[in-house]
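Trainee: I'd like to ask you about the structure that follows.
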Amino acid sequence: MTQRPPLPPFDESSARAKVQAAEDAWNSRDPERVALAYTEDCVWRNRHEFITGRDEIRAFLRRKWEKEQDYRLRKELWSWSGNRISVCFRYEWHDDAGQWWRSYGNEQWEFAPDGLMRRREASINDVPITEDQREFLAPA
């Protein structure tokens, strides 16, 4: 069995490490890399979409990053208990027309004993911003 440390149950240090690993992976914008953090049968709710399994996760991420160009993300640990972690996040991106957006959200994560995420619930809102309102200016 492949393990993805840190493993549950989480303490503050291991929960923070898990959140940072997720932020790093998502900022890579690599669907293959990101998908490896989830169980083969992982269940997601992302906004209005319901996704099951790594293949659907990869397809979703490819579509996401085709639309959300120059995507940059920050995650913050909100709480943890046992095999669950809650985060709040914000990310910036622009669309094909050059409009910049900041997306705000919350996620609830549930992990399998091997440290892979088996459930992800995400609620996200998008706010249009001007280029001079951007916060994440460092290159990807």
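Note that the sequence shown covers residues 2 to 141 in our numbering. The beta-carbon is built from N, C-alpha and C at its ideal position, and this holds for glycine as well. These numbers were taken from a predicted model, which means no experiment stands behind them.
1. Mind checking whether Trp102 and Val128 have CB atoms under 8 Å apart?
2. Three-state secondary structure (DSSP) at Pro32?
3. What would DSSP say about Leu78, mapped onto helix, strand or coil?
4. Whose CA, out of Glu122, Leu78, Lys65, Asn126, lies closest to the CA of Asp97?
5. Please specify which runs of the alpha helix (DSSP H), each continuous and at least 4 residues long, are wholly inside the segment 7-76, giving them in chain order.
6. Name the residue from Arg75, Ala16, Trp45 whose alpha carbon lies nearest to the alpha carbon of Glu136.
7. Tell me Asp127's beta-bridge partners as DSSP assigns them.
8. Are there 16 or more other CB atoms within 10 angstroms of the CB of Phe51, so buried, or fewer, so exposed?
9. Should the segment 105-115 be called in touch with the segment 82-92, which here means at least 3 C-beta pairs below 8 Å?
10. Can you list, in chain order, the residues of its chain with a C-beta nearer than 7 Å to that of Gln100? Leave out the 5 residues immediately preceding and following it.
11. By the three-class DSSP mapping on this structure, what secondary structure does Gln109 have?
Mentor: On the basis of the coordinates in this document:
1. Contact: yes.
2. Pro32: helix per DSSP, three-state reduction.
3. strand
4. Lys65
5. 13-29, 32-36, 55-68
6. Arg75
7. Ser104
8. By the Cβ neighbour-count rule, Phe51 is exposed, with fewer than 16 other Cβ atoms within 10 Å of its own.
9. A contact exists between the segment 105-115 and the segment 82-92.
10. Pro129
11. strand
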